[in-house]
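In my numbering, the protein residues as written are 1 to 560. Here the structure is laid out as structure tokens; the discussion comes afterwards.
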RNA sequence: CGGGAUGUAGCUCAGCUUGGUAGAGUACUUGAUUUGGGAUCAAGGUGUCACAGGUUCGAAUCCUGCCAUCCCGACCA
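In structure tokens form, the structure reads like this:
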């Protein structure tokens with residue numbers, strides 16, 4: 001690619017709209033351009049990078065026995081009605097009607113269509129296993145698009161689906177995909193961790209996420225350095241390091257706590273430790289008033305709470321709903337409440353603790369498990385710093401991650417919904433076991449930039465960069481330089497090496513800065529010593545900075 | 001959904017308090033001088049001041065509404 005007369009531009013200043021490092025760099029360097037919130041154009045450089053990522057994944061999908069297909073993005077809504085996910089996705093699904101008033105959606109993910117497609121093929125157990133995949137644009141009306149390509153409303157996903165006769169077969173297919181994912185992300189040089197995760201709207205038996213480690217990540221990744229344990233915060237089991245000391249139960253007592261409506265205020269006022277308090281969260285769970293109690297230092301984990309109660313929606317209760325009970329906001333305790341009460345299992349291990357008295361301005365002290373009343377008990381809180389590894393008991397580590405890939409053991413959920421069955425060896429009809437496996441391409445691109453950049457710009461790994469080499473001709477009017485730059489450019493192209501030639505009539509500083517901003521791995525500078533046949537060879541990461549003859553420079557590139 | 005902020009030249013922003021008809025830097029065009037880290041000089045083009053109402057002789061500026069974009073929060077009893 002010659003920069004002169006190419007669709008290529010860079011910006012000199014940070015863009016106002018992009019706060020994330022990757023979003024800002026990709027926009028500044030001319031890879032992407034935003035058209036509206038969470039919707040981006042892929043410009044020539046961006047598309048090349050996306051294609052690089054796509055091809056690495058494609059290679060590993062094919063090696064794992066996948067067959068590539070392409071489903072439509074425009075899908076009749078009835079498929080999602082059948083699976084119950086029209087409701088499951090709720091407002092996140094883009095809905096539209098065709099001219100005959102037929103309900104359509106823009107596909108947010110494609111389990112339904114793949115199950116439907118598989119029905120054309122599967123008759124008998126002899127037809128399985130097989131695995132299909134595609135690269136297709138997904139549409140999700142995210143409540144809040146943000147962080148450049150990290151959370152968007154339209155994005156290309158590689159999604160794969162496996163079909164097996166039984167759970168054992170699914171295990172084999174799943175591990176094949178899992179390995180293909182590891183190979184793909186390893187090849188891209190991404191620093192990632194694999195964590196257990198919530199199955200969420202996908203449902204099914206198991207979900208594991210590939211989390212690229214990055215400070216702006218939206219997920220909290222918990223891991224153990226001493227063993228292989230790792231988990232997403234949303235499902236991580238809580239093992240408290242410091243056990244509650246069992247002391248003799250004292251008689252429960254009511255104390256005045258004026259204007260202490262937060263648990264911090266109460267602890268401060270009564271001069272007690274937060275860990276010896278129990279706090280309440282008054283929530284609206286599917287329209288029903290539910291009060292959750294947990295240790296004062298803990299936070300409610302809403303996805304755990306939903307799973308425990310087999311509910312769909314959770315939010316804070318409004319005053320109207322609270323008024324249907326005898327709960328007193330700010331002074332709520334798990335004693336004599338006339339609504340549903342859920343407690344965290346840790347509360348049962350505490351003793352002589354403090355909680356609300358259900359009376360404005362009063363709390364109770366020396367409360368013990370035998371004093372309280374509840375309907376459900378379970379793990380409903382988040383792990384926090386200091387908690388222990390559930391596997392080996394060592395302290396857990398916390399970091400932030402960007403979810404770049406996810407693998408699901410779906411089981412028979414979608415085959416049941418779509419009527420996907422086969423005849424087994426005894427000629428009995430059985431449900432097909434499915435797995436589904438996704439990788440977000442744009443998100444992967446963003447994660448790589450988050451992990452690999454400096455104050456000058458992006459530093460692409462060799463196999464992700466849009467071009468491997470950029471040739472900078474210092475003076476566009478110097479004939480000798482033109483001759484050499486053209487010669488190198490043509491010879492590299494003939495060798496199949498992807499190469500940019502900066503032949504613009506710009507000053508050297510502009511060319512150096514642009515080359516560093518867009519992050520091309522190797523730079524050949526044709527300048528001062530061109531007349532002597534000498535060029536400079538520099539790598540973007542700084543590991544190489546040498547003067548070579550033209551032959552040496554070309555051979556060096558070929559060897560890298 | 002709740003809270004906060006911002007919409008003015010391709011980009012980054014000033015101007016708004018106190019209304020008087022549009023600015024800077026950068027980018028762009030032409031010419032000259034430059035040519036190894038975002039050049040200099042000269043001349044030039046560039047706008048529905050997000051949009052819609054209203055107040056006013058007069059609105060980027062004041063009022064009302066609306067749209068868009070970004071950030072924070074979705075954890076408070």
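We treat Cβ as the ideally placed atom computed from N, Cα and C, and that holds for glycine.
In this structure, DSSP gives residue 373 a state outside helix and strand, which the three-state scheme calls coil. Taking C-alpha positions only, residue 113 is separated from residue 71 by approximately 7 Å.
Take residue 98, set aside five residues on each side of it, and the residues of its chain with a beta-carbon closer than 7 Å to its own are 104, in chain order. Secondary structure note for residue 173: its alpha helix (DSSP H) is the uninterrupted segment 167-187.
Excluding its 5 nearest sequence neighbours in each direction, residue 179 has C-beta neighbours in its own chain below 8 Å: 64, listed in chain order. Exclusion of the five residues before and after residue 380 leaves 292, 294, 300, 301, 304, 305, 308, 342, 344 as the residues of its chain whose Cβ lies within less than 7 Å of its Cβ. Counting along the chain, the unbroken beta strand (DSSP E) around residue 76 starts and ends at 74-76. Measuring C-alpha to C-alpha distances from residue 388 to each of 110, 279, 224, 46 identifies 224 as the nearest. Within the region 44-76, complete alpha helix (DSSP H) segments of at least 4 residues are found at 44-63, given in chain order. In this structure, DSSP gives residue 242 a state outside helix and strand, which the three-state scheme calls coil. Annotated three-state conformation of residue 510 is helix, per DSSP. Every alpha helix (DSSP H) stretch that sits fully inside the region 397-455 and reaches 4 residues is listed by chain position as 413-418, 441-451. By the beta-carbon neighbour count (other beta carbons within 10 angstroms, threshold 16), residue 259 is exposed.
For residue 552, the uninterrupted alpha helix (DSSP H) run begins and ends at 550-559, by DSSP. Under the three-state reduction of DSSP, residue 492 is assigned to helix. Annotation for residue 452: 459 place their beta carbon closer than 6 Å to its own, counting only its chain and skipping 5 residues before and after.
Between the region 431-439 and the region 243-255 there are fewer than three inter-stretch CB-CB distances shorter than 8 Å, so the stretches are not counted as touching. CA-to-CA, the gap between residue 547 and residue 533 works out to about 10 Å. Of 477, 101, 408, 90, the smallest CA-CA separation from residue 167 is found for 408. With respect to the 8 Å criterion, residue 39 and residue 142 are not classified as neighbours on the basis of their beta carbons. The three-state secondary structure of residue 543, taken from DSSP, is coil. Classified as buried, residue 210 has 16 or more neighbouring CB atoms from the shown chains inside 10 Å of its CB. Non-local beta-carbon contacts of residue 206 in its own chain, meaning distances under 6 Å to residues more than five positions away in sequence, involve 409 in chain order.
Nearest in C-alpha terms to residue 499, of all of 480, 516, 346, 467, is 467. From the listed residues 200, 129, 186, the smallest Cα separation to residue 173 is found for 129. For the pair residue 5 and residue 384, the Cα-to-Cα distance works out to about 55 Å. In the three-state reduction of the DSSP assignment, residue 486 falls in the helix class. In this structure, 165 is the residue among 553, 194, 165 with its C-alpha nearest to the C-alpha of residue 427. Cβ contact annotation for residue 497 (same chain, cutoff 8 Å, sequence separation greater than five): 468, 469, 557, 558, in chain order. By the criterion of at least three beta-carbon pairs nearer than 8 Å, the region 498-512 is in contact with the region 471-481. Taking the Cα of residue 271 as reference, the smallest distance to any Cα among 81, 354, 326, 446 is reached at 354.
Closest in alpha carbon position to residue 284, among 269, 274, 135, 322, is 322.
Annotated as distal: residue 56 and residue 177, with beta-carbon spacing of 8 Å or more. Residues 261 of the same chain have their beta carbon placed closer than 6 Å to that of residue 330, with the five preceding and five following residues left out of the count. Residue range 353-359 is occupied by the beta strand (DSSP E) that includes residue 358. Within the region 309-341, the complete beta strand (DSSP E) segments of 3 residues or longer fall at 314-316, listed in chain order.
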